[in-house]
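Have a look at the structure below, then the notes.
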Amino acid sequence: MINCFRRYVETYLSHNVCMTHSPPLIIGAGPVGMAAASFLSRYDIIPRIVDKRAEPSKFSKALAINPRTLELFEASGITDKLLALGRKIHGATIHRNGRIVAEVDFEELEHRFPFMLALSQSATERVLREDLAERGIEIERQIELVESPNLAEGKAELVHVETQANESVTAPWILATDGAHSVARKSVHVPFPGDTYDRAWILDDIPLATDFAPDRAHIKLQDDGFLFLMPVYTGEEKPGEPTVWRVIGNYPEPLAQLTESNPIGESQWNSSFHIAHRLVESMNVGKVYFAGDAAHLHSPVGARGMNLGIEDVWVFAELAKRDELSLYHQQRWPVDNAIVQRIRTITGFVKAESFIKRTLRNLLAPRMLHWKSVRETMLKTVSGLDHPVPLLNTKPEEPPAEEGRRSRRRERNQ
Numbered sequence: 075m076i077n078c079f080r081r082y083v084e085t086y087l088s089h090n091v092c093m094t095h096s097p098p099l100i101i102g103a104g105p106v107g108m109a110a111a112s113f114l115s116r117y118d119i120i121p122r123i124v125d126k127r128a129e130p131s132k133f134s135k136a137l138a139i140n141p142r143t144l145e146l147f148e149a150s151g152i153t154d155k156l157l158a159l160g161r162k163i164h165g166a167t168i169h170r171n172g173r174i175v176a177e178v179d180f181e182e183l184e185h186r187f188p189f190m191l192a193l194s195q196s197a198t199e200r201v202l203r204e205d206l207a208e209r210g211i212e213i214e215r216q217i218e219l220v221e222s223p224n225l226a227e228g229k230a231e232l233v234h235v236e237t238q239a240n241e242s243v244t245a246p247w248i249l250a251t252d253g254a255h256s257v258a259r260k261s262v263h264v265p266f267p268g269d270t271y272d273r274a275w276i277l278d279d280i281p282l283a284t285d286f287a288p289d290r291a292h293i294k295l296q297d298d299g300f301l302f303l304m305p306v307y308t309g310e311e312k313p314g315e316p317t318v319w320r321v322i323g324n325y326p327e328p329l330a331q332l333t334e335s336n337p338i339g340e341s342q343w344n345s346s347f348h349i350a351h352r353l354v355e356s357m358n359v360g361k362v363y364f365a366g367d368a369a370h371l372h373s374p375v376g377a378r379g380m381n382l383g384i385e386d387v388w389v390f391a392e393l394a395k396r397d398e399l400s401l402y403h404q405q406r407w408p409v410d411n412a413i414v415q416r417i418r419t420i421t422g423f424v425k426a427e428s429f430i431k432r433t434l435r436n437l438l439a440p441r442m443l444h445w446k447s448v449r450e451t452m453l454k455t456v457s458g459l460d461h462p463v464p465l466l467n468t469k470p471e472e473p474p475a476e477e478g479r480r481s482r483r484r485e486r487n488q
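Reading the sequence shown from the start, the letters are residues 75 to 488 in my numbering.
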């Protein structure tokens, strides 16, 4: 920094630019970017991580951590911290006309993490920030990547938002985790093909008085749409507080469809959004690599967004350790493509925006979920266990089938 400041002064501020040769650069300090920094630091690869936001977001797009992500975080010691804060979601319940028509349970996976962990993205980010602080990695905030014509060569143009000072950085590689509107992706002109649905979906996080089991996700199949409900946990709940639920639906006012539930407090967050399914044509261009929403988008139906991004950067760190980043596209693009396409298909079935499609969905979905092969596909897709990760060498220690089921039932009944 002293040398940089000296060069800055020597130019008499004529261009307000400081040229530096930096360590590897991560653009974006959301959960995917922070996970990347944590994974890399285990191998003594200490990146610089910058983010244009002045402070972390208070809102949580992601609500659940899947078994695959819990596996990937184990060696870093992060999994235990997440488990201490979150709540276990043991399965999903499908409702139709006021009654339960089907259920799926994660214990069918026979995995050492037979559940989804409900924990808000803001809480997950808090754990990751603390982990980075323990590793001596500081997130540099209010530093924004602007479109950089030579980014593929590792040359990034940064702007310090508060002072408007410019900084030109040359990095050995750049990992872009800067989200759906990635400036890095635009800088290298990589295509991001896919589609966006016209009809908006509505999201509401609100305390509810309801009979819905708080250790499960719930899907309501309606004649004219659908509703998805999931409890929201931050790890800071107080005894006696009502459970906050996330309600998502393809209705203008999804809360009006909750005839068996009553809001008992103010909405904590509501938003409308459009579903997109997209995937970059290449996971890297030159020295720029993409992960998370900068690389792929899909609906929340599969609960894979943040989780898939964390898997991206776990693989990235393993390849960086081996000096084999040339294999990143080969290892990640086929996996990400298969998942995006699968979730597009599932989403199309769930949203069913024509009368005929909704009628077929309402008739078929409950029956299909009684088929073992369909339940297995659904569970593996949501849990992230629908494909192997070649560099993940550890095999889960699975309890004997019956013993595992009994122990988990005892846990749920406590």
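Every residue, glycine too, gets a C-beta built ideally from N, C-alpha and C.
Query	Result
Could you spell out where the beta strand (DSSP E) holding residue 399 opens and where it closes?	Unbroken run through residue 399: none, as it is neither H nor E.
What are the start and end residues of each continuous alpha helix (DSSP H) run of 4 or more residues lying completely inside the stretch 113-148, in chain order?	141-148
Contact between the stretch 358-370 and the stretch 256-264: three or more CB pairs below 8 Å?	yes
Look at the alpha carbon of residue 423 and the alpha carbon of residue 239, and state the distance between them as a whole number of angstroms.	50 Å
Return helix, strand or coil for residue 388, following the three-state DSSP convention.	helix
Identify every run of the beta strand (DSSP E) within the stretch 226-290, keeping only runs that are complete inside it and at least 3 residues long; order them along the chain.	229-234, 239-244, 248-250, 268-270 and 275-284
Look at residue 293 and residue 329 and say whether their C-beta atoms are less than 8 Å apart.	no
Starting from residue 454, follow its DSSP beta bridges and name the residues at the other end.	Partner(s): none; residue 454 has no beta bridge.
Residue 155 lies in the alpha helix (DSSP H); which residues open and close that run?	152-159
Spatial neighbours of residue 160 within its chain, please: CB distance less than 8 Å, with the 5 preceding and 5 following residues excluded, ordered by chain position.	139, 191, 192, 193, 197, 307 and 309
Return the first residue and the last residue of the alpha helix (DSSP H) that residue 201 is part of.	195-208
Mind checking residue 249: buried by the 16 CB within 10 Å criterion, or exposed?	buried
Residues in its own chain within less than 7 Å of residue 120 by CB, not counting five upstream and five downstream?	97 and 211
Flag this pair as yes or no: are the beta carbons of residue 290 and residue 100 separated by less than 8 Å?	no
According to DSSP, what are the bridge partners of residue 405?	According to DSSP, which records beta bridges pairwise, residue 405 is partnered with nothing at all.
Just how far apart, CA to CA, sit residue 399 and residue 278?	40 Å
Go ahead and pull the three-state DSSP assignment for residue 326.	coil
Quick check on residue 447: buried or exposed, where buried means 16 or more other Cβ atoms within 10 Å of its Cβ?	exposed
Hey, could you find the ends of the alpha helix (DSSP H) residue 167 is sitting in?	Careful: residue 167 lies outside any alpha helix (DSSP H), inside the beta strand (DSSP E) at 165-170.
Since residue 136 and residue 379 are thought to touch, with beta carbons under 8 Å apart, how far apart are those beta carbons, to the nearest angstrom?	6 Å
On a Cα-Cα basis, can you pick out the residue from 403, 303, 116 and 183 that is closest to residue 334?	303
Identify the continuous beta strand (DSSP E) that holds residue 350 and give its terminal residues.	350-353
Taking the C-alpha atoms as reference points, what is the distance between residue 391 and residue 445?	38 Å
Pair every Cβ in the stretch 223-243 with every Cβ in the stretch 366-377, then say whether three or more of these pairs are closer than 8 Å.	no
Measuring CA to CA, which of 246, 175 and 143 is closest to residue 441?	175
When you compare only the Cα positions, how much space is there between residue 494 and residue 463?	Nothing can be reported for residue 494, as the shown portion of the chain is limited to 75 through 488.
Near residue 476, what residues of its chain come up, given a Cβ to Cβ distance below 7 Å and the 5 sequence neighbours on each side ignored?	Below a pLDDT of 50, predicted positions are generally treated as unreliable, and residue 476, at 45, falls in that range; no measurement from the model is reported.
Going straight from the alpha carbon of residue 184 to that of residue 145, what length do you get?	14 Å
Helix, strand or coil, according to DSSP, for residue 300 in the structure here?	strand
Counting only the same chain and skipping the five closest in sequence on each side, list residues whose C-beta sits under 6 Å from that of residue 338.	281, 283 and 316
Which of the three DSSP states is assigned to residue 108 in this structure?	helix
Are the CB atoms of residue 128 and residue 206 nearer to each other than 8 Å?	no
Kindly indicate which three-state DSSP category residue 413 falls into: helix, strand or coil?	helix
Can you tell me where the alpha helix (DSSP H) with residue 439 in it begins and where it stops?	429-442
Put residue 180 into one of helix, strand or coil per three-state DSSP.	helix
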